[in-house]
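J.: Per our numbering, the sequence shown starts with residue 22, numbered consecutively.
The beta carbon of each residue, even a glycine, is placed where N, CA and C say it ideally should be.
Please read all numbers here as calculations on a predicted model, not as lab measurements.
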Amino acid sequence: MYAVIKTGGKQYRVSEGTLVRVEKLDGEVGKKIELTDVLMVGGDTISVGAPFVKGAAVTAEIVAQDKAKKIIVFKMKRRKNYRRKTGHRQPFTELKVTGIRA
């Protein structure tokens with residue numbers, strides 16, 4: 022059984038036992054959360070929501086709260102002596118899906 026969930030403005034296809042990195046969610050490591058924005062549930066029968074499937078939910082456990090690898094943002098204009106260098110680390114939450122309720 023699998024589900025398509027929406028969190029942080031993105032959509033993820035998850036099944037039971039998978040690890041998924043999503044945009045930062047509130048909560049500490051070890052806390053169980055329930056995601057109710059389920060767009061589709063698949064398996065023996067497929068149910069598609071409009072926009073969400075009624076009564077469907079995905080339960081997950083927070084495995085990690087961390088930051089992604091640093092990316093370098095470098096801007097330059099040639100012959101104008103203009104250079105700007107900054108870095109960015111996007112925070113994320115790693116979830117382990119423990120159950121899918123249709």
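In this structure, how does DSSP classify R122 when only helix, strand and coil are distinguished?
T.: Here residue 122 is taken as the residue at index 101 of the sequence shown, counted from 1. Reduced to three states, the DSSP call for R122 is strand.
J.: Which whole-angstrom value describes the C-beta separation of A81 and L56, a residue pair presumed to lie in contact below a C-beta threshold of 8 Å?
T.: Working through the sequence shown from its first residue, we reach residue 81 at position 60. Working through the sequence shown from its first residue, we reach residue 56 at position 35. Contact flag correct, Cβ pair sits at about 6 Å.
J.: Measuring straight from C-alpha to C-alpha, what distance separates Q111 and R100?
T.: Locating residue 111 in the sequence shown gives position 90, counting from the first residue. Locating residue 100 in the sequence shown gives position 79, counting from the first residue. Q111 and R100: Cα-Cα distance of roughly 32 Å.
J.: Quick one: give me the first and last residue of the beta strand (DSSP E) that R34 is part of.
T.: Position 13 of the sequence shown, counting from 1, holds the residue named residue 34. Taken as a continuous stretch (DSSP letters only), the beta strand (DSSP E) holding R34 covers 31-36.
J.: Does V94 pass the burial test, meaning 16 or more other C-beta atoms within 10 Å, or should it be called exposed?
T.: As a working mapping, residue 94 is identified with position 73 in the sequence shown. Looking at its Cβ environment, which holds fewer than 16 other Cβ atoms inside 10 Å, V94 is exposed.
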